[in-house]
Amino acid sequence: MTARIQKSVSRFFRDTKGDASLEAIIILPAMLVIFAISWLYFDVMRQQAINQKANYTIGDIISRETEILDDDYIDNARNLLFHLAQAQGDDVDLRVSVVQYNKIGEGVSSGNETYDLVWSTARGDWPALTDGDMTTYLPVLPILAVGDQTIIVETRDWYQPLVQLANDGFDITTYSFTRPRFASQVIFEGANDGSGKTWQNNGWGNGDQDAPGGSLCNNNAENATDCASTTTKPTNGKGKKKKNT
Numbered sequence: 029m030t031a032r033i034q035k036s037v038s039r040f041f042r043d044t045k046g047d048a049s050l051e052a053i054i055i056l057p058a059m060l061v062i063f064a065i066s067w068l069y070f071d072v073m074r075q076q077a078i079n080q081k082a083n084y085t086i087g088d089i090i091s092r093e094t095e096i097l098d099d100d101y102i103d104n105a106r107n108l109l110f111h112l113a114q115a116q117g118d119d120v121d122l123r124v125s126v127v128q129y130n131k132i133g134e135g136v137s138s139g140n141e142t143y144d145l146v147w148s149t150a151r152g153d154w155p156a157l158t159d160g161d162m163t164t165y166l167p168v169l170p171i172l173a174v175g176d177q178t179i180i181v182e183t184r185d186w187y188q189p190l191v192q193l194a195n196d197g198f199d200i201t202t203y204s205f206t207r208p209r210f211a212s213q214v215i216f217e218g219a220n221d222g223s224g225k226t227w228q229n230n231g232w233g234n235g236d237q238d239a240p241g242g243s244l245c246n247n248n249a250e251n252a253t254d255c256a257s258t259t260t261k262p263t264n265g266k267g268k269k270k271k272n273t
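Numbering-wise, the sequence shown is residues 29 to 273 according to the working numbering.
Here it is, written out as structure tokens:
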């Protein structure tokens with residue numbers, strides 16, 4: 029009897045029928061979880077890249093402006109963000125700020141220099157920056173030449189994964205710094221447009237403010253008056269030689 033039982037047990041352990049099905053039952057759930065995590069990680073990185081590129085685009089177009097920005101401009105910039113980030117609704121926030129690096133001024137000190145907030149505006153749930161927020165931004169602000177300004181563009185987009193594993197969703201936040209390209213500063217209506225005489229004319233004649241040194245005529249400013257008109261013919265570098273006397 030004992031020998032028969034031992035023989036049956038031995039035959040059972042040698043039998044390999046059904047091993048593939050058993051292995052599939054054990055491994056398949058683990059493979060599905062690994063696939064879901066990998067796909068989720070890829071999709072998050074993809075959306076992060078899309079939002080960052082959208083951020084760069086908005087910063088670039090603002091840096092090229094030589095006209096006065098207003099609320100409608102920022103509203104349309106957020107609409108552009110909706111399109112570029114493939115998002116919509118109140119889940120997308122945009123904040124645009126301009127910071128100036130000064131040798132002497134009111135602001136957060138870094139050695140002998142200060143970072144001063146020129147203007148800031150926001151759309152969505154974010155509030156505009158204040159002077160007190162510069163303390164938080166000091167570690168990430170770029171090194172600038174004294175008197176230079178930089179445009180800070182920040183975006184925030186709520187990401188809702190299709191596969192919910194660890195949480196229900198999270199914010200994808202991006203930021204970038206861009207230096208004004210065609211003027212020394214980007215002007216915003218009511219902030220540094222010259223009404224408060226705080227910031228100087230940027231030399232492009234796009235504000236009703238005084239230029240340094242009374243150079244309104246040289247800068248073709250809109251409020252320049254009594255400018256002496258002169259008429260010169262273009263020579264294209266081929267001026268007449270002075271006659272010897």
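Note that beta-carbon positions come from the ideal geometry of N, C-alpha and C, so glycine has one too.
Where residue i sits in the DSSP three-state scheme
i: Gln237; result: With a pLDDT of only 46 at Gln237, under the threshold of 50, the placement of this residue in the model should not be trusted; the figure read from the coordinates follows. In the structure shown, Gln237 sits in coil (DSSP, three-state: anything other than H, G, I, E or B).
i: Thr202; result: strand
i: Phe216; result: strand
i: Ala156; result: coil
i: Leu122; result: strand
i: Gln76; result: helix
i: Ala150; result: strand
i: Leu190; result: coil
i: Thr142; result: strand
i: Gln34; result: helix
i: Val61; result: helix
Segment limits, alpha helix (DSSP H) that includes residue i
i: Ile102; result: 99–112
i: Thr163; result: 162–165
Alpha-carbon spacing of residue i relative to residue j, whole angstroms
i: Gln34; j: Met59; result: 38 Å
i: Leu109; j: Asp153; result: 15 Å
i: Phe70; j: Ala113; result: 16 Å
i: Asp100; j: Met162; result: 26 Å
i: Arg74; j: Leu68; result: 10 Å
i: Glu95; j: Asn79; result: 26 Å
i: Ile86; j: Arg123; result: 11 Å
i: Asn234; j: Gly197; result: Residue placement at Asn234 cannot be trusted, given a pLDDT of 47 that sits under 50; the coordinates are not used to answer.
i: His111; j: Val120; result: 11 Å
i: Ser36; j: Leu50; result: 21 Å
i: Tyr165; j: Pro189; result: 30 Å
i: Asp238; j: Ser204; result: Confidence in Asp238 is poor, its pLDDT being 48 and thus under 50, which makes the residue's placement unreliable; the coordinate value appears in the next sentence. Using only the alpha carbons, I get a separation of about 31 Å.
i: Val72; j: Arg39; result: 52 Å
i: Ser13; j: Ile179; result: Given that the chain is displayed from residue 29 to residue 273, the structure contains no residue 13 and the question cannot be resolved.
i: Tyr84; j: Gln213; result: 18 Å
i: Ala31; j: Ile53; result: 34 Å
i: Asp103; j: Ile65; result: 36 Å
i: Ile215; j: Phe63; result: 50 Å
Spatially closest choice to residue i from the options, by CA coordinates
i: Asp185; options: Ala31, Ile200, Leu112; result: Ile200
i: Thr202; options: Arg209, Thr178, Thr183; result: Thr183
i: Lys131; options: Ala115, Ser212, Ala156, Gly175; result: Gly175
i: Pro170; options: Val214, Val127, Leu68, Ile89; result: Val127
i: Ile89; options: Asn220, Tyr143, Ala105; result: Ala105
i: Thr158; options: Ala219, Glu93, Asp98, Ala64; result: Ala219
i: Gln116; options: Tyr187, Arg32, Thr142, Ala31; result: Tyr187
i: Leu172; options: Ile65, Thr142, Phe63; result: Thr142
i: Pro208; options: Tyr129, Ser223, Ser91; result: Ser91
i: Val22; options: Ala77, Ile215, Ser148; result: Lying before the first or after the last residue shown, residue 22 is absent from the chain, which here runs from 29 to 273.
i: Ala82; options: Ala150, Val146, Ile62, Asn107; result: Asn107
i: Phe210; options: Ala77, Asp221, Gln177; result: Gln177
i: Leu97; options: Ser125, Gln76, Ala77; result: Ser125
Span of the beta strand (DSSP E) around residue i
i: Arg207; result: Run containing Arg207: none; DSSP gives neither H nor E here.
i: Glu182; result: 177–187
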